[in-house]
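Protein chains: 2
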Amino acid sequence: MGKNKKKELASMEENFPQWYTDVISKTEMVDYAPVKGFMVIRPYGYAIWENIQSETDKRFKATGHQNMYFPLLIPESYLKKEAEHVEGFAPEVAWVTQGGDKELNERLAIRPTSETIIASMYSKWLNSYRQLPFLYNQWCSVVRWEKTTRPFLRTSEFLWQEGHTLHETPEEAQEETLQMLNIYREVLEDVLAIPVIAGIKSPKETFAGAKATYTVESLMHDGQALQSGTSHNLGQGFTKAFDITYLDRNNQQAYPYHTSWGMSTRVIGAMIMVHGDENGLVVPPKVAPIQVVVLPIAAKKEGVLDKAYEIKDRLKERFRVEIDDSDNSPGWKFNQWEMKGVPIRLEIGPKDIEKEQVVLARRDTGEKISVAFSDLEDEIERLLGEIQQNLYDKALKRREEKTSSAENLEEFKTKLKENPGFIKAMWCGDEECEDKINEETGATLRCIPFDAEQETIGDGKCVYCGKPASKMAYFARAY
Amino acid sequence: MGKNKKKELASMEENFPQWYTDVISKTEMVDYAPVKGFMVIRPYGYAIWENIQSETDKRFKATGHQNMYFPLLIPESYLKKEAEHVEGFAPEVAWVTQGGDKELNERLAIRPTSETIIASMYSKWLNSYRQLPFLYNQWCSVVRWEKTTRPFLRTSEFLWQEGHTLHETPEEAQEETLQMLNIYREVLEDVLAIPVIAGIKSPKETFAGAKATYTVESLMHDGQALQSGTSHNLGQGFTKAFDITYLDRNNQQAYPYHTSWGMSTRVIGAMIMVHGDENGLVVPPKVAPIQVVVLPIAAKKEGVLDKAYEIKDRLKERFRVEIDDSDNSPGWKFNQWEMKGVPIRLEIGPKDIEKEQVVLARRDTGEKISVAFSDLEDEIERLLGEIQQNLYDKALKRREEKTSSAENLEEFKTKLKENPGFIKAMWCGDEECEDKINEETGATLRCIPFDAEQETIGDGKCVYCGKPASKMAYFARAY
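Residue numbers (the working numbering), protein chains in the order written: chain A, 568 to 1046; chain B, 568 to 1046.
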């Protein structure tokens, strides 16, 4: 009987989608709501989101941003004010048409994103350059009516944050756009242990109404990419459409420059699909709802349970810790907590107590070590740091193994088939080439990396049309 | 020119509703959204909510509760499963009838509260008594289509938390109901410095579908009451309607006992209307977004600004502190920060620097004291504690002054007119008497206090019908 069988998980190598579905259900992270495409985030999933939120919000505040709350419902006429925006979002809007017993005069959209309603308020609030920049964010849920859904990855409602800022100059807006992208990179890499490729989206993949969209892209275990956070330089499109004007330093009426940026519960999906293994979840210590689980061994022997509780209470001061003193067998418990991805399992039995030590088992490597009672906190601190780093290193190595480059379409197809993952290839900038690559390979252009990460593949010719190309782009099949 | 004129605030004694509207707009706590009845919570208001949230959430977690997230949209058929519940909420539901381009087969309610959808999930999750109790909460927004609205007090969308728990026995459910009511009392009294009357609602005022509703009631400056948090013992009404069953300790199928409890952004309205004065907001230190504002005096004199920044940076380690180094006049600044209700104003000018001291001015009393640089942190800590306590004491004294008792309807009317506030009066328990009192006085029955706070008014006869009455109740006009 294989390990998976015990946990009733599909094998991730044989059937990755089923493995994903099994893991998220059996670890009780999420469940399916009565309305198709909607999810219930259960305590184990939500606690991870709370940790991600707190790490992210801290960084927003440290860079001078404040939180607000804008209403859930947006009048249809507002959505229509920015032409590209409404075209992009209208097909997936949920519409409120009745309030109480009455038919409404105008349909109200449940926010799919809040640029329009926020722009309308900014236009009311902004008078003088002295008030700029506006640096605001909100944490909320949004609704986008999706046809095909999967919990965390694509759902008709999801939780996210959306930042919306105004600036005096285009340079400041660009700087903000990149600063926030960098915060997403930090949260993904330093907090979630997920290495990312940062860069700009092609015009085709740019946010509806934006001048430029920047993205951080991560690579899942199955070689598919996941857009993990985006930051938009909105230029003056919305500020003009919503007539946001102010008196500038020269006492002239001017339009400010605008950015928006968002990261959602999707990143929980990324965390699962980057770090998970055949035994289930592997949760990075910095976001783990439980960092250490204490398992009393032979708990009925005198003194064991007391000592286990004593240690749990001691560790609670510094770590997120739980004890499992249920009647289940040790083997069952090992499997359960392994599946839940708890970074460290702490075992304590009569023999350990005699020796004044415990056994610590790492979720990421399976390695076990004995640690004296007296060294416990320091050793756990060290181990958690090591696990966090190891998860990042492993994910980076895997991404590098799954990244190829291609000089022509045949090579592109072959490599994508033989080693699914990122394909680095030159692109001439023509949308037709982008479309054709997608049609023939199923891969989309994920991003064009920044200059510092640019390189020339082969002789610098577009992988599709063979014309000279100045930029290398990352392509992949994507969620 | 009176103080109010300078700040363009209406006088709270002359026109309380206008004072409220002025204060919330001019301090930039909140603004009106494009859709009537909806509000935008601006950074100064939202930061207060974040502080309330964090104080409340901490207490939920300390009592073993975990957070989750349930979907925004609820199928109409779910709302209808509990007969009283749908009757209570249907008239104020916002309905989604279109998703993307399609008409939906079934209308979806934007949650007005989540008992029904949560009960449906609980019915899926609960199998055995070993899983009980279920102790879950969610922070979210809800929509109730209201006719007459006022920011924070009554809006068509508001932010809140809703806890939903399941228990093995009716005793445990009752204990939970009262425990959570007590947490609301703590948050209101210890954090928001608002004294409350706790008790049970009359059947007429009980939550739609509940067995019993408990409430904490606070009294505003104008003598009107505000329901500030409610905790419901739901009995088995929803667990039966949604067929939530489990195998109990005797291996029998059983229905669990159910509670729910909520507190919302309304309490920000209470905070404003309990502590505010003719000069604007007075924010209790524990929730103040800014606890100390540093004002450099004669800031252009050499060294003043540097010293002011040095002090701000020093204080930042322990307090929420801001500096105002704008070009506005000191008088203008004093008024602004006073209006915003910042608990302590710290002034520092050339003479202070010479003497190595600052001046601290209290928002609640106006009192000013000089404090040496070396004692700053300790003195501020002490002052903030004193302000917090003083706000509570003042509010309690005011509530006591505004609480009368009445033995018959004439006395009830006279006292309510002469001294608007709480009227303590005996009530026989008959809904007809409750209705008549309301019709003739405009007051509603706010709550029947717990036995420990019960007293007999006059000869113990019902204030309306004169029949023997076993309980004293609090009545008031209410928001």
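Ideal Cβ placement from N, Cα and C applies to all residues, glycine included.
So which residues on chain B does A:G908 lean against when the C-beta distance must stay under 8 angstroms?
-> Here residue 908 of chain A corresponds to residue number 341 of the first sequence, with the count starting at 1. Around A:G908, no beta-carbon contact reaches into chain B at under 8 angstroms, the shortest distance being about 17 angstroms.
Compare the Cα-Cα distances from B:A808 to each of B:H652, B:D891, B:P910 and report the closest residue.
-> What you label residue 808 of chain B is simply residue 241 of the second sequence in a count that begins at 1. For the residues B:H652, B:D891, B:P910, the minimum Cα distance to B:A808 belongs to B:H652.
Go through its chain and collect everything with a Cβ distance to B:F725's Cβ below 6 angstroms, but skip five positions before and after it.
-> Residue numbering aside, residue 725 of chain B sits at position 158 when the second sequence is read from its first letter. Cβ-Cβ distances below 6 angstroms link B:F725 to S831, T832 in the same chain, with the five nearest sequence neighbours on each side left out; the list follows chain order.
Does the stretch 807-825 of chain B come close enough to the stretch 1022-1032 of chain A that 3 or more CB-CB pairs lie under 8 angstroms?
-> Too few Cβ pairs lie closer than 8 angstroms, so no.
Are any of the Cβ atoms in chain A nearer than 8 angstroms to that of B:G655?
-> Position 88 of the second sequence, counted from the first residue, corresponds to residue 655 of chain B. No, because no Cβ of chain A sits closer than 8 angstroms to the Cβ of B:G655.
Below-8 angstroms beta-carbon distance, B:E617 vs any chain A residue = Here the question's residue 617 of chain B lines up with position 50 in the second sequence. So, interface residue.
Using 8 angstroms as the limit for Cβ to Cβ distance, is A:Q728 near chain B?
-> Within the first sequence, the letter at position 161 stands for residue 728 of chain A. Chain B, which has no Cβ nearer than 8 angstroms to the Cβ of A:Q728, makes this no.
Using DSSP with H/G/I as helix, E/B as strand and the rest coil, what is A:T864?
-> For the purposes of this step, residue 864 of chain A is taken as the residue at position 297 of the first sequence. With the sequence shown as reference, residue 864 of chain A is identified as Ile, and Thr is not the correct amino acid for it. In this structure, A:I864 counts as coil in the three-state DSSP scheme.
Between A:F701 and A:H825, what straight-line distance do the alpha-carbon atoms span, to the nearest angstrom?
-> Against the first sequence, residue 701 of chain A aligns to sequence position 134. Against the first sequence, residue 825 of chain A aligns to sequence position 258. Spanning the two alpha carbons is a distance of roughly 9 angstroms.
Per DSSP, what kind of secondary structure is B:Q746 in: helix, strand or coil?
-> Taking the second sequence and counting its residues from 1, one reaches residue 746 of chain B at position 179. Assigned with DSSP and collapsed to three states, B:Q746 falls in helix.
B:V590 and B:D598: beta carbons closer than 8 angstroms?
-> To locate residue 590 of chain B, count along the second sequence from 1; it is residue 23. To locate residue 598 of chain B, count along the second sequence from 1; it is residue 31. With a cutoff of 8 angstroms on beta-carbon distance, B:V590 and B:D598 are scored as not near each other.
Per DSSP, what kind of secondary structure is B:A1043 in: helix, strand or coil?
-> Here residue 1043 of chain B corresponds to residue number 476 of the second sequence, with the count starting at 1. Secondary structure at B:A1043: strand, using DSSP grouped into helix, strand and coil.
Between the Cα of B:E673 and the Cα atoms of B:Q819, B:L693, B:Q665, which residue gives the shortest distance?
-> Translated into positions along the second sequence, residue 673 of chain B becomes position 106. Of the candidates B:Q819, B:L693, B:Q665, the one whose C-alpha sits nearest the C-alpha of B:E673 is B:Q665.
What is the DSSP secondary structure of A:Q585, counted as helix, strand or coil?
-> Start at 1 with the first residue of the first sequence, and residue 585 of chain A comes out as number 18. Helix at A:Q585.
In chain order, what residues of the same chain have a beta carbon less than 8 angstroms from the beta carbon of A:Q633, not counting five sequence neighbours either side?
-> Numbered from 1 along the first sequence, position 66 holds the residue referred to as residue 633 of chain A. Taken in chain order, the residues that qualify are L702, Y703, N704.
Report yes if the CB atom of B:I915 is closer than 8 angstroms to the CB atom of B:V888, and no otherwise.
-> Numbered from 1 along the second sequence, position 348 holds the residue referred to as residue 915 of chain B. Numbered from 1 along the second sequence, position 321 holds the residue referred to as residue 888 of chain B. Against a cut-off of 8 angstroms, the Cβ pair of B:V888 and B:I915 comes out as no contact.
Using the beta-carbon of each residue, which ones in chain A are nearer than 8 angstroms to B:D919?
-> What you label residue 919 of chain B is simply residue 352 of the second sequence in a count that begins at 1. Contact of B:D919 with chain A by beta-carbon distance below 8 angstroms is absent, the smallest such distance being about 28 angstroms.
Residue span of the beta strand (DSSP E) that contains A:H734, given as start and end | Position 167 of the first sequence, counting from 1, holds the residue named residue 734 of chain A. That run of the beta strand (DSSP E) goes 724-734.
Contacts of A:F805 in chain B (Cβ-Cβ under 7 angstroms) | Translated into the one-based positions of the first sequence, residue 805 of chain A becomes position 238. Chain B residues near A:F805: none, gap ~15 angstroms exceeds 7 angstroms.
For the stretch 620-637 of chain A, enumerate the residues whose C-beta is nearer than 7 angstroms to any C-beta of chain B, in chain order.
-> Of all residues in the stretch 620-637 of chain A, Q633, N634, M635, Y636, F637 have a Cβ within less than 7 angstroms of some Cβ in chain B.
Alpha helix (DSSP H) runs contained entirely in the stretch 738-817 of chain B, provided each spans 4 or more residues = Counting only runs of at least 4 residues, the stretch 738-817 of chain B fully encloses the following alpha helix (DSSP H) elements, listed from N- to C-terminal order: 804-808.
Please confirm if the stretch 916-924 of chain B is in contact with the stretch 869-881 of chain B, defined as three or more CB-CB distances below 8 angstroms between the two stretches.
-> Judged by Cβ distances under 8 angstroms, the stretch 916-924 of chain B makes contact with the stretch 869-881 of chain B, as three or more pairs qualify.
In chain A, which residues lie with their C-beta within 8 angstroms of the C-beta of B:R833?
-> Translated into positions along the second sequence, residue 833 of chain B becomes position 266. Going along chain A, no residue has its Cβ under 8 angstroms from B:R833, so there is no contact; the nearest lies around 14 angstroms.
Could you tell me whether any Cβ in chain B is nearer than 8 angstroms to the Cβ of A:Y703?
-> Locating residue 703 of chain A in the first sequence gives position 136, counting from the first residue. Closer than 8 angstroms: yes.
Is DSSP giving A:T1060 helix, strand or coil here?
-> Past the edges of chain A, shown from 568 to 1046, lies residue 1060 of chain A, and the structure says nothing about it.
Exposed unless 16 or more other CB atoms sit within 10 angstroms - verdict on A:E654 = Position 87 of the first sequence holds residue 654 of chain A. By the 10 Å Cβ count, A:E654 comes out exposed.
Select from the stretch 572-602 of chain A all residues with a C-beta closer than 8 angstroms to any C-beta belonging to chain B, and list them in chain order.
-> If the cut-off is 8 angstroms between Cβ atoms, the stretch 572-602 of chain A has D598, A600, P601, V602 near chain B.
A:K947 and A:V859 closer than 8 angstroms at C-beta | Position 380 of the first sequence, counted from the start, is the residue given in the question as residue 947 of chain A. Position 292 of the first sequence, counted from the start, is the residue given in the question as residue 859 of chain A. Strictly speaking, residue 947 of chain A in this sequence is Ile, with Lys absent from that position. Closer than 8 angstroms, so yes.
Under 8 angstroms between C-beta atoms, does B:A1043 make it to chain A?
-> Here residue 1043 of chain B refers to the residue found at position 476 when the second sequence is read from its first residue. Taking a beta-carbon distance threshold of 8 angstroms, B:A1043 does not count as an interface residue toward chain A.
Interface partners of B:I608 on chain A, CB under 7 angstroms | As a working mapping, residue 608 of chain B is identified with position 41 in the second sequence. The answer, in chain order, is M635, Y636.
Is there a Cβ from chain B that is less than 8 angstroms from the Cβ of A:G802?
-> Taking the first residue of the first sequence as 1, we reach residue 802 of chain A at position 235. Taking Cβ atoms only, chain B never reaches closer than 8 angstroms to A:G802, which makes this a no.
Contact set for A:V925: own chain, Cβ-Cβ below 8 angstroms, skip 5 residues either direction = Counted from its first residue, the first sequence places residue 925 of chain A at position 358. Annotation for A:V925: I878, L913, E914, I915, D919, S937, V938, F940, L943 place their beta carbon closer than 8 angstroms to its own, counting only its chain and skipping 5 residues before and after.
Taking Cβ to Cβ, would you say B:P718 is nearer than 8 angstroms to B:L675?
-> On the second sequence, position 151 is the one that residue 718 of chain B refers to. On the second sequence, position 108 is the one that residue 675 of chain B refers to. In terms of Cβ geometry, B:P718 and B:L675 do not form a close pair [threshold 8 angstroms].
Which residues does DSSP pair with A:C1014 in a beta bridge?
-> Along the first sequence, read from residue 1 onward, the residue named residue 1014 of chain A stands at position 447. In DSSP, A:C1014 forms a bridge with A:Y1041.
Reference A:F656, options A:A1040, A:P638, A:A775, A:V861, closest by Cα = As a working mapping, residue 656 of chain A is identified with position 89 in the first sequence. When the alpha-carbon of A:F656 is set against those of A:A1040, A:P638, A:A775, A:V861, the nearest one is in A:A775.
In this structure, does DSSP put B:Y703 in helix, strand or coil?
-> If you number the second sequence from 1, residue 703 of chain B lands on position 136. In the structure shown, B:Y703 sits in a strand (DSSP, three-state: E or B).
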